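Participant: Here it is: the structure, laid out below.
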Amino acid sequence: MQNTKIHYNMPSEPLSGSLPLHSDKPSLPEPRNRYRLTKLGEQMARLPIDPKVARILLAAQKHDCMAEILVIVSALSIQDPRERPLEAREAAQKAHERFTDKQSDFLAYLNIWDSFQRERDKGLSNKQLVQWCRQYFLSHLRMREWRELHHQLADIAVEMGLTTKEQAFRRPPAQEQLRPSENTGDQDLSAKLKQKQLDKKQHRAHIRAAKEAGYEQIHRTLLTGLIANVGMKSPDGHDYTGARGSHFHLFPASALFKSKPKWVMAAELTETTRLYARDVAAIQPEWIEQEAPHLVRYHYFEPHWEQKRGEVVASERVTLYGLTVLPRRPVAYGKVAPEEAREIFIRGALVAQECNLQTAFFIHNKKLIKEISELEHKSRKQDVLVDEEALFEFYNQRLPQFYEPSETVGRVSLPDNTGLSENTSQIPVSDKTKTVSRTCQPDNSTPVSDGLSGSPKHTGRLKKPLPIADIRTFQSWLKTAERDNPRLLFLTREDLMQHAAAHITEAQFPHHWQNADGKFKLSYRFEPHHPLDGVTLTLPLTVLNRLHAPALEWLVPGMLREKLQLLIKALPKQIRRICVPVPDFITKFLESNPNRQEPMIPQLARFIAKTAGDMRLLEQIDQDEWSAFKLPEHCYFNLRIIDDGGQELATGRDLAKLQQELGQAAAVTFRDNTQEFERDNLTNWDIGTLPESIKFARGKQQLTGYLALQKEKNNTIALRLFDTPEAAEQAHRQGVIALMQLQLKEHMKDLNKGIPGFTQAAMLLKHISADTLRDDLTAAVCDRAFIGDDELPRSEKAFKEQIKRARSRLPAVKEALSRYLQDTAAAYAELNGKLGKHPLTHLLRERTQTLLSAGFANSTPWSQWPRLPVYLKAMTLRMEKYSANPARDAAREADIQELEQMWQEKTDGLLKQNQPVSDGLKMFKWQIEELRVSLFAQELKTPSPVSVKRLLKEWENVK
182 MQNTKIHYNM PSEPLSGSLP LHSDKPSLPE PRNRYRLTKL GEQMARLPID PKVARILLAA
242 QKHDCMAEIL VIVSALSIQD PRERPLEARE AAQKAHERFT DKQSDFLAYL NIWDSFQRER
302 DKGLSNKQLV QWCRQYFLSH LRMREWRELH HQLADIAVEM GLTTKEQAFR RPPAQEQLRP
362 SENTGDQDLS AKLKQKQLDK KQHRAHIRAA KEAGYEQIHR TLLTGLIANV GMKSPDGHDY
422 TGARGSHFHL FPASALFKSK PKWVMAAELT ETTRLYARDV AAIQPEWIEQ EAPHLVRYHY
482 FEPHWEQKRG EVVASERVTL YGLTVLPRRP VAYGKVAPEE AREIFIRGAL VAQECNLQTA
542 FFIHNKKLIK EISELEHKSR KQDVLVDEEA LFEFYNQRLP QFYEPSETVG RVSLPDNTGL
602 SENTSQIPVS DKTKTVSRTC QPDNSTPVSD GLSGSPKHTG RLKKPLPIAD IRTFQSWLKT
662 AERDNPRLLF LTREDLMQHA AAHITEAQFP HHWQNADGKF KLSYRFEPHH PLDGVTLTLP
722 LTVLNRLHAP ALEWLVPGML REKLQLLIKA LPKQIRRICV PVPDFITKFL ESNPNRQEPM
782 IPQLARFIAK TAGDMRLLEQ IDQDEWSAFK LPEHCYFNLR IIDDGGQELA TGRDLAKLQQ
842 ELGQAAAVTF RDNTQEFERD NLTNWDIGTL PESIKFARGK QQLTGYLALQ KEKNNTIALR
902 LFDTPEAAEQ AHRQGVIALM QLQLKEHMKD LNKGIPGFTQ AAMLLKHISA DTLRDDLTAA
962 VCDRAFIGDD ELPRSEKAFK EQIKRARSRL PAVKEALSRY LQDTAAAYAE LNGKLGKHPL
1022 THLLRERTQT LLSAGFANST PWSQWPRLPV YLKAMTLRME KYSANPARDA AREADIQELE
1082 QMWQEKTDGL LKQNQPVSDG LKMFKWQIEE LRVSLFAQEL KTPSPVSVKR LLKEWENVK
């Protein structure tokens, strides 16, 4: 019976004793208006047996296993026929093993029944049967009682029409024998053995499949009456959690005691020292829901929009008397909570656009929202696009609660995965969880579940309202709604924008960044701490080396004011006051049209000094420290480097680092498909006139290249195309010198033998190998004699004229360098002989290693060669004067170290950023050497006045 408020589904007493007779059947209580027997209840009421047995028998009819169930049910209703005397317990246990089934104690009764029946079929006498029972420790008296009770149950089942007489009585299954395969006569012995093994394997698989099918039928049938005795193994694995929070252990005599399957069903729960489950079997939890749908409860939690399924889903948990049967499975939430599912659908599918709708309104709205979102990304303020609540209200006002199809024909039933009957009441448990129980109103319009077929079904022509919680239902409604108003769900700019955003123009936030190599795409994103926050500049690899870092400092006009404001904020307070009010100051600075191809900070510093009316203020602004100040990431371009196919190679905001990583690859890529401009193995100038630059097409891009001669690694000379003028000029100088060396072979033979006085100089400069020194001197002579300060030739005529000049200059350069080398070597030898254990030894050795390191001949400017011996003599004089005033020496050295550190940091910074070192900065290094002469050996004199103060002033111009 079912009741709208209370379920009378408590389990009855365990199956025991004999069946009650018809006259002992208890009378049913007078039916009241609120109670109503289901169809299944009416069938059970007609059976004059225990309700549990009646329920199991009805299920046996459904699962077509009546013969087996009659045997098992009758066995459970009597005392166990197996005997276990204390004096022979081990022998009894061993004898009973032939009846044991590893998965189910219930099947042991079938095995006992079948074995006993086979013995009876042999025609044994009663005495022989008694003897057989004693052999296997079975009670013959209980076996006879079992058979009598089975006969009574079978008669009742036949009488009630549950089965036929032939199917009510179980016959022992024939023990199927292994049948050998046919057509094995022609096979050899090895093939026959393999075929025999295969036959055995197939035979075992066939037996196992038949057993599994019968196992499920039998135990699903038993489960209908023993539903309250199921249990799940506890996490620790020692006991089981049962219905209503109970805990029990498997009885030690059970065949499943050691294996302990995850889910079990028991015939009875007996409490002694513990609560034990007797006669148990392994089951699947899915059977519980399928066999007792009216007893389980459904709990729903975590409702969410799932784009892949195109519907609102929730996780469903199925419980039986508080025991979790199925912990989680996805179900359509629209059937459970239509209103909440509709809201989630609107927020997920339409507002968040997490779906693949191809309808006109969705494409239009998505494009419009993207356009307005880009305005926010550009302005870096989330004050343009309306919030999600406004979008939700837009759709909420236009979408109905339910969609009613015009007509639905045929049989309608709930989807299997919902597990809900047509009348399902919802009981809220929490904001994110709903618990649903099956309760049916006993009215004339509500069909009653039969308990066997599951949910009630309707047939006929219905108009069933559907919740709008999935894409299919939404599209069906939309198709109907758009007939009356095709633009029902189309958003407008007025719907989406909080204000007009007139300041966000293309001039302020352009779509492309442009330089001499073309236009490159810009994309904007406002998401602090995201790698792409700010503005991203997408560039092909071919132009990476051609980028000029100062030009990138100026970003785009719309983001420049914020960057300038942050830079001004980083200044010391006394300087920052000059810029107040900052917005007006920035406006005036931008109106002054600063050069956007030059660094920002020097121009800003000069404008601050100009505004203050005192250019001396520049000395108070440490521009190096100011440049090192780290601004937020969005104040720098995010450079995205791609290859010709559009694949991303690298990304970052440090141009110098990207050029170091990909610079060589960029140069090689730049030269791809430019063989028409290049030549290999040049031995003479037969390449005509070289233009300073050439333009050529690379896909859709116009590029500028720079032709130059280059000396290859194998000492051949080639004409190559370079991506930057600096790289081309550097390579062309070396290439021209190498080509001239080929034209002046006789002169080179003489030069390679060594300049006059080389042997003696090499012995004095023994820290450099002779071969290295000879090659270095040869390169220095060639560079000075062949090119010197002349302009590099770019035509055959200029090249020939340069060769003539080289022939005439070569002897004079060779003689001059020989004289400078001998003087330098002599001064070095004198200094080296006096170092010893002098306090300045370590410092002066470092200085000589810097001045006369390997490769010094070619790296020393020609104008400084005559001064090299002077610098070394100054060190010798410094040693002699040191003892008179060591403190003065240390103070002067500290001043020099400060200047050297400034020069080194500046040079390293330029090299790190792949920027060229200016000639002025290079010569500043030699000015520091002259300062050493002025401070420590003034008697040697310097070409021009030099002091610390003078160099600091010159530094301001150099840097």
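All letters in the sequence shown, in the order written, are residues 182 to 1140 by this note's numbering.
Just so it is clear, CB atoms sit at the ideal spot from N, CA and C, and this is done for glycine as well.
Every value quoted in this text rests on a predicted model; they were computed, and no experiment measured them.
1) Taking the Cβ atom as the reference point for each residue, do I501 and A447 lie within a distance shorter than 8 Å?
2) Can you say whether S1125 is buried or exposed, counting buried as having 16 or more other CB atoms within 10 angstroms of its CB?
3) Closer than 7 Å by C-beta to H244: which residues in its own chain qualify, once you throw out the five before and the five after it? Chain order, please.
4) For F851, which residues of its own chain have a beta-carbon under 6 Å away from its beta-carbon, when the five flanking residues on both sides are left out?
5) How would you write the range of the alpha helix (DSSP H) that G1101 sits in, first residue to last?
6) Extract the residue ranges of the alpha helix (DSSP H) inside the segment 875-943, only unbroken runs of 4 or more that lie entirely within it.
7) Suppose the cutoff is 8 Å on Cβ atoms and the five residues either side in sequence are ignored; what does the same chain contact list for L720 look like?
8) Just tell me which of A790, Q488, L1012, S258 has its CA closest to the CA of A530.
9) At what residues does the alpha helix (DSSP H) containing H244 begin and finish?
10) Alpha carbon to alpha carbon, how far is L288 from P648?
11) Measuring only the C-alpha atoms, how far is L677 from A522?
12) Please name the residue in L1053, P1047, N1039 whose C-alpha comes closest to that of Q1030.
13) Specify whether the segment 749-756 and the segment 705-714 touch according to this definition: at least 3 beta carbon pairs, one from each stretch, less than 8 Å apart.
14) From what residue to what residue does the beta strand (DSSP E) around E806 run?
15) Contact check, H321 vs L310 under 8 Å by CB: the rounded distance?
16) Look up W444 in the DSSP assignment and give the residues it is bridged to.
17) How far does the alpha helix (DSSP H) with I652 in it extend, from its first residue to its last?
18) Unbroken beta strand (DSSP E) runs of length 3 or more, entirely within the segment 775-861: which are they?
19) Put L431 into one of helix, strand or coil per three-state DSSP.
20) Is there contact between the segment 479-496 and the segment 408-424, where contact requires at least three CB pairs shorter than 8 Å?
21) To the nearest angstrom, report how far apart I553 and R664 are at their CA atoms.
22) Are E326 and I259 touching if we call contact CB-CB under 8 Å?
23) Going by beta-carbon coordinates alone, are A462 and D286 separated by less than 8 Å?
24) How big is the Cα-Cα spacing for K1015 and T1057?
25) According to DSSP, is H480 helix, strand or coil?
26) With 16 as the cutoff for other CB atoms within 10 Å, does K548 come out buried or exposed?
27) Could you compute how far the alpha carbon of P466 sits from the alpha carbon of C246?
28) What are the residues that DSSP puts in a beta bridge with N696?
29) Taking the continuous alpha helix (DSSP H) assigned at L310, which residues delimit it?
30) Quick check: the Cα distance between A732 and R777, rounded to an integer number of angstroms?
31) In the DSSP assignment, find the alpha helix (DSSP H) that holds S285 and state where it starts and stops.
32) Which residue comes first and which comes last in the alpha helix (DSSP H) that contains E972?
33) Just list the residues that DSSP pairs G529 with in beta bridges.
34) Should H558 go down as buried or exposed, given a rule of 16 or more other Cβ atoms within 10 Å for buried?
35) How far does the beta strand (DSSP E) with L669 in it reach, from first residue to last?
36) Can you grab the Cα-Cα spacing for the pair S1040 / A912, in whole Å?
Facilitator: Once the coordinates are examined:
1) At residue 501 the sequence reads Leu, which differs from the Ile that was named. Taking 8 Å as the Cβ cut-off, L501 and A447 do not qualify as a contacting pair.
2) exposed
3) Q398, R401, T402
4) T723, D904
5) 1100-1117
6) 906-924, 926-933
7) F701, L728, L820, R821, I822, I823
8) Q488
9) 232-244
10) 48 Å
11) 25 Å
12) L1053
13) no
14) No beta strand (DSSP E) contains E806, which is instead part of the alpha helix (DSSP H) from 804-809.
15) 7 Å
16) M413
17) 652-665
18) 819-823, 829-833
19) strand
20) no
21) 29 Å
22) yes
23) yes
24) 8 Å
25) strand
26) exposed
27) 21 Å
28) G699
29) 307-316
30) 6 Å
31) Counting along the chain, S285 falls outside any alpha helix (DSSP H), and DSSP gives it neither H nor E.
32) Here E972 belongs to no alpha helix (DSSP H), and DSSP marks it neither H nor E.
33) Its beta-bridge partners do not exist; DSSP assigns none.
34) buried
35) Unbroken run through L669: none, as it is neither H nor E.
36) 16 Å
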